[in-house]
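>
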Amino acid sequence: MAASRKKKKGTPSGQATSTASGWAAMTSAQRVAWVCLHALVFSVPVAMSNWTWVPGVMMPFTADQFDIVKVFVQRGITLVAFAAWAWHVLVNGGTVRRTKVDYLILAVLGWYALSSIFSIHPPTAIFGKYRRYEGLLSLVTYAMIYFLAVQFLDRLSRVRSIARTLFFSGIIVNGYGVMQYLGLDPLRWGTLPFEAYRSFSTFGNPDLLGGFVVITLAVSLALALSESDFRWRIVYWSGFLIGSVCWITAFTRGAWIGGAVALIALGVAVWRMRGASRMTRVDWSFAGAIVAAVSVLVVRSLQSPDPVMNVAARLGSILEFDQGSALTRFQIWDAAWRATLDRPIFGFGPDTFRLVFPGYKPIEYTEAAGYLSVADNVHNYFLQLSSSVGIPGMLLLYGLFASVAVLSARNAFKRAESDKDVSRLILAGMWAASAGYVVKLFFGLSVTGVTFLLWIAMAALMAPLARTVEIRPPSWGVPAALVIFAVAAVASWGNLVYLMADNAHLQTKIGATYEERVASAETAIRRNPFNDIYRAELGLVHAEAFSYLASQIRLAENQGQDATMMRAEAQRVFNLAEAEFLETIEFVEYEYDNYVFLANLYNNGVGVLSAEYNEKALAIGRRGIAVSEFGPAIRLQYAIALLDAGDIEEAERQMRAAVEMDSRFADTHMLLAEILAQRGDAAGALEYYQKVKAIDPAYPGIDEMIARVETVTGD
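In this text, residue positions in the sequence shown follow our numbering: the first is 155, and each later residue adds one.
#1: Roughly how many whole angstroms lie between the Cα atoms of Val453 and Ala666?
#2: May I have a chain-ordered list of the alpha helix (DSSP H) segments no shorter than 4 residues that lie completely inside the region 836-867?
#3: Between which two residues does the alpha helix (DSSP H) containing Val532 stretch?
#4: Suppose you measure from the CA of Asp857 to the CA of Ala489; what does that come to, to the nearest Å?
#5: If you measure from the CB of Arg312, is any heavy atom of the ligand ATP nearer than 8 Å?
#6: When DSSP builds the beta bridges, which residues end up paired with Glu691?
#7: With burial defined as no fewer than 16 other Cβ atoms inside 10 Å of the residue's Cβ, what is the status of His533: buried or exposed?
#8: Along the chain, which unbroken stretches of the alpha helix (DSSP H) at least 4 residues long are found entirely within the region 200-247?
#9: Please look up how many angstroms separate the CB atoms of Ile369 and Tyr591, rounded, as I've assumed it's under 8 Å.
#10: How many angstroms separate the CA atom of Ser382 from the CA atom of Leu258?
#11: For Met213, collect the residues of the same chain with a Cβ closer than 8 Å to its Cβ; drop the 5 residues on either side in sequence, then sort them by chain order.
#12: Are the beta-carbon atoms of Leu302 and Ala261 separated by less than 9 Å?
#13: Alpha carbon to alpha carbon, how far is Phe272 from Ala731? Give it in angstroms, no decimals.
#14: Could you tell me the boundaries of the alpha helix (DSSP H) in which Thr345 lies?
#15: Helix, strand or coil for Thr253, going by three-state DSSP, please let me know.
#16: So, is Ser175 buried or exposed, given that buried needs 16 or more other C-beta atoms within 10 angstroms?
#17: Between Gly503 and Ser542, which are expected to be in contact by the criterion C-beta below 8 Å, what is the C-beta distance as a whole number of angstroms?
#18: Using only alpha-carbon positions, find the residue among Ser398, Ala563, Ala642 and Tyr287 that is nearest to Val450.
#19: Which one of Cys190, Phe220 and Leu653 has the shortest CA to CA distance from Pro360?
#20: Can we say the region 439-447 touches the region 409-428, given the rule of at least three CB pairs closer than 8 Å?
#21: Would you report the Cα separation of Gly598 and Asp716, rounded to the nearest angstrom?
#22: Which residue or residues does DSSP assign as beta-bridge partners of Arg569?
#23: Can you tell which of Gly230, Ile274 and Trp239 has its C-alpha closest to the C-alpha of Thr295?
#24: So Ile707 packs on Ala722, CB below 8 Å; how close in whole Å?
#25: Please classify Ile499: is it buried, with 16 or more other beta-carbons within 10 angstroms of its beta-carbon, or exposed?
#26: Could you check if Lys283 is buried or exposed, using at least 16 other CB atoms within 10 Å of its CB as the buried criterion?
#27: With a Cβ-Cβ cutoff of 9 Å, do Ile774 and Lys594 count as a contact?
#28: Nearest CA to the CA of Ala640: which residue from Met548, Trp177 and Ala240?
#29: Relative to the alpha-carbon of Phe819, which residue among Leu244, Leu608, Tyr792 and Gly785 has its alpha-carbon at the smallest distance?
#30: Can you check DSSP and say which residues form a bridge with Val623?
#31: Determine the direct distance from the alpha carbon of Ile625 to that of Gly358, and round the result to whole angstroms.
#32: Could you check whether Gly337 and Ser355 sit closer than 9 Å to each other, using their CB atoms as the reference points?
#33: Using the Cα positions of Ser701 and Ile486, report the straight-line distance between them to the nearest angstrom.
#34: On the premise that Val225 lies in contact with Ser197, defined as a C-beta separation below 8 Å, what is that separation, rounded to the nearest angstrom?
#35: Rounding to the nearest angstrom, what Cα-Cα distance links Ala386 and Ala267 in this structure?
#36: Below 9 Å between beta carbons: does that hold for Ser380 and Ser577?
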């Protein structure tokens, strides 16, 4: 037995007898829950549905290749872990660990629930917006993860064990990000909505990856500096090196700031433990290598003409408030603050900002970001929360963050009294990771694939301060445990169906025939009727089919052929599209895009089916403008309807307003030019035709239109 207490050679620090005996003392249910915590920390950051690196796999499994998969994995593992832990306590009895912030967490949950009830769209508030999922359910999941982590992270060896699992997940995620920067990505991606060679890894976006990198930087460095085994120290430093490179190559300003805060905080802890934590030759060697690697990356970036891929230009843009992304961020923040003032108590509901933004965005945003841009997140967690769950909700959640920081700081930054105290650096690493991530949130957005790690870090910090309550197994323990298992099983099935709905949504997008796409869209809606994107997609499938039939009808009539049967089919498909769009608008009144889709459908129906649809186009156009006053796309459709109604003056007024909103939207300039030509203003028409050509030199028919008008003006 004495030999078993000796630390084995090559074993990481903290994995001596305490952990072994802890595992031996666990019941089977406890072991399942503990393994699930590790699986959660490792799997969620890595999870995505693009497996095209596997031979024979040509497509991802879901339309949302990243966040919905992470949500699925996170909720599935959490349900298993919670059910296993509940079985242990209810059947065997045991201890329940309580922390000083438990009631504050319950208050946050309660406020989120109230905000969801009073939300402008409760389904979105509960489930979260598609591709974000930061609704009430995610907060409940975070709270469950926090509770479970507190039950198990009752000793430094276990905190270190979880940190090490996160470290290896970070090796994969950050390493893959570095491969992307080097042009060695083995996966196939479509057109990226950001610069080539920026690291985005398994998160699909450099900004989202940045939050994960901030956390892993602090944790990996804390592991390295607190490790006594020479070989493991090298491993941890190697991971920190990879993370540091990815930190730079994501080119995310918020992550740079958050990472700097995390490293400074950890540096303070190291300084306070300087008596126990001493830099070795390994440390100095890796520190030098990391400084050199980062310096090379920075210098190399300075040669890039792209301001996003140039570190100096990227940092300088933080202070360029009148241009670029800094300008649009301030415009989004302004919209969020005005939304907050309108509903300061309960807000508009968790994760509903995409529905809120069109009604509050300033006209300058449309010009700066373009008519297609709709912000689904504030990119500032203070304002994201204040506009979604109200000022009290924001204060409660940030009060929780502050409480954890203050209560745990003394333990995390305590001066070393002996060499053994260096192991507490892992707590300092968790504190630094939390601080860095919260700072990063001021410039970015919370995502489920990273924010759960913040809650685990908070649990690790609060667990040493927790009090223990002994629980005896109640007489009704087994039936209660079975009920919890049944609920977890049902919830797990729902979680799977939720994922499979997005697989059907993907099939809707790539289906070969109209019938296949309709069947897939209906399957997606049946599996997840709370996602308005799936509903709108079915309407778009019908609308595309109608557009094709309309073109065939025009072609047949131009050739003198009978189009009666085609017109009947077109009417049927039109009715299906109209019904689906109307149902979608009724389901989610504030989603601006659906008004554009329906108005466009009505305008197309006027020329092919019946002039009666003109009144409907006008009505839906007015409703769309009420939802988004500065939306050029809906004004374009409204102007087309006005022209069909013979109101050319109002159509011109609408188009002049639209071109002022977005000077790069070619279609609005084209329609305004046509209106001016109809009104006999050849010079004005020529001016806007030329603007169309400047925006898009390949715009269909633009050269002919310019030539025709020039014959009138004599230019």
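Cβ atoms here follow ideal geometry from the backbone N, Cα and C, with glycine treated the same way.
So, from the data block:
#1: As a first step, residue 453 is located in the sequence shown; it is residue number 299 there, counting from the start. As a first step, residue 666 is located in the sequence shown; it is residue number 512 there, counting from the start. About 48 Å.
#2: 836-849 and 856-867
#3: To locate residue 532, count along the sequence shown from 1; it is residue 378. First-last for Val532: undefined, no H or E at that position.
#4: Walking along the sequence shown from the start, residue 857 turns up at place 703. Walking along the sequence shown from the start, residue 489 turns up at place 335. For Asp857 and Ala489, the distance between alpha carbons rounds to 40 Å.
#5: Looking for the ligand ATP in the displayed structure turns up nothing, as the structure carries no ligands at all.
#6: The residue labelled residue 691 in the question sits at position 537 within the sequence shown. Looking at the DSSP assignment, Glu691 forms no beta bridge with any residue, so it has no partner.
#7: Within the sequence shown, the letter at position 379 stands for residue 533. Looking at its Cβ environment, which holds 16 or more other Cβ atoms inside 10 Å, His533 is buried.
#8: 221-241
#9: Stepping through the sequence shown from its first residue, residue 369 is reached at position 215. Stepping through the sequence shown from its first residue, residue 591 is reached at position 437. Ile369 to Tyr591, Cβ: 6 Å. Contact.
#10: For this step, residue 382 is matched to residue 228 along the sequence shown. For this step, residue 258 is matched to residue 104 along the sequence shown. Straight-line Cα distance between these residues: approximately 38 Å.
#11: Walking along the sequence shown from the start, residue 213 turns up at place 59. Excluding residues within five positions, the ones whose Cβ falls inside 8 Å are Thr206, Leu660 and Ile664.
#12: For the purposes of this step, residue 302 is taken as the residue at position 148 of the sequence shown. For the purposes of this step, residue 261 is taken as the residue at position 107 of the sequence shown. Against a cut-off of 9 Å, the Cβ pair of Ala261 and Leu302 comes out as no contact.
#13: By one-based count along the sequence shown, residue 731 stands at place 577. By one-based count along the sequence shown, residue 272 stands at place 118. Whole-angstrom Cα-Cα distance: 31 Å.
#14: Position 191 of the sequence shown, counted from the first residue, corresponds to residue 345. Run containing Thr345: none; DSSP gives neither H nor E here.
#15: Taking the sequence shown and counting its residues from 1, one reaches residue 253 at position 99. Coil at Thr253, not helix or strand.
#16: Within the sequence shown, residue 175 is the residue found at index 21, counting from 1. For Ser175, the pLDDT reaches just 48, beneath the cut-off of 50, and the residue's location in the model is therefore unreliable, although a value from the coordinates is still provided. Label assigned to Ser175: exposed.
#17: The count along the sequence shown starts at 1 and reaches residue 503 at position 349. The count along the sequence shown starts at 1 and reaches residue 542 at position 388. Between Ser542 and Gly503 the Cβ distance is about 6 Å, and since that is below 8 Å, they are a contact.
#18: As a working note, residue 450 is residue 296 in the sequence shown. Here the closest residue by C-alpha is Ser398.
#19: Here residue 360 corresponds to residue number 206 of the sequence shown, with the count starting at 1. The candidate whose alpha carbon is nearest that of Pro360 is Phe220.
#20: no
#21: Locating residue 598 in the sequence shown gives position 444, where the first residue counts as 1. Locating residue 716 in the sequence shown gives position 562, where the first residue counts as 1. Distance between the alpha carbons of Gly598 and Asp716: 58 Å.
#22: Locating residue 569 in the sequence shown gives position 415, counting from the first residue. DSSP lists no partner for Arg569.
#23: Taking the sequence shown and counting its residues from 1, the one referred to as residue 295 is at position 141. Closest option to Thr295, Cα to Cα, is Gly230.
#24: Mapped onto the sequence shown, residue 707 falls at position 553. Mapped onto the sequence shown, residue 722 falls at position 568. Rounded, the Cβ-Cβ distance is 10 Å, inconsistent with contact.
#25: Here residue 499 refers to the residue found at position 345 when the sequence shown is read from its first residue. Classification for Ile499: exposed.
#26: As a first step, residue 283 must be located in the sequence shown, where it is residue number 129. By the neighbour-count rule (16 or more Cβ atoms within 10 Å), Lys283 is buried.
#27: Taking the first residue of the sequence shown as position 1, residue 774 is located at position 620. Taking the first residue of the sequence shown as position 1, residue 594 is located at position 440. Contact flag unset, no.
#28: What you label residue 640 is simply residue 486 of the sequence shown in a count that begins at 1. Closest option to Ala640, Cα to Cα, is Ala240.
#29: For this step, residue 819 is matched to residue 665 along the sequence shown. Checking every option, the nearest Cα to that of Phe819 belongs to Gly785.
#30: Start at 1 with the first residue of the sequence shown, and residue 623 comes out as number 469. Per DSSP, Val250.
#31: Along the sequence shown, read from residue 1 onward, the residue named residue 358 stands at position 204. Along the sequence shown, read from residue 1 onward, the residue named residue 625 stands at position 471. Going by the C-alpha atoms only, they are around 44 Å apart.
#32: Walking along the sequence shown from the start, residue 355 turns up at place 201. Walking along the sequence shown from the start, residue 337 turns up at place 183. Not in contact: Ser355 and Gly337 (Cβ atoms no closer than 9 Å).
#33: Stepping through the sequence shown from its first residue, residue 701 is reached at position 547. Stepping through the sequence shown from its first residue, residue 486 is reached at position 332. For Ser701 and Ile486, the distance between alpha carbons rounds to 35 Å.
#34: For the purposes of this step, residue 197 is taken as the residue at position 43 of the sequence shown. For the purposes of this step, residue 225 is taken as the residue at position 71 of the sequence shown. About 12 Å separates the two Cβ atoms, so there is no contact after all.
#35: For the purposes of this step, residue 386 is taken as the residue at position 232 of the sequence shown. For the purposes of this step, residue 267 is taken as the residue at position 113 of the sequence shown. As written in the sequence, residue 386 is Trp, which differs from the Ala given in the question. Looking at the two C-alpha atoms, the distance is approximately 45 Å.
#36: Residue numbering aside, residue 380 sits at position 226 when the sequence shown is read from its first letter. Residue numbering aside, residue 577 sits at position 423 when the sequence shown is read from its first letter. Cβ distance < 9 Å, so Ser380 and Ser577 count as in contact.
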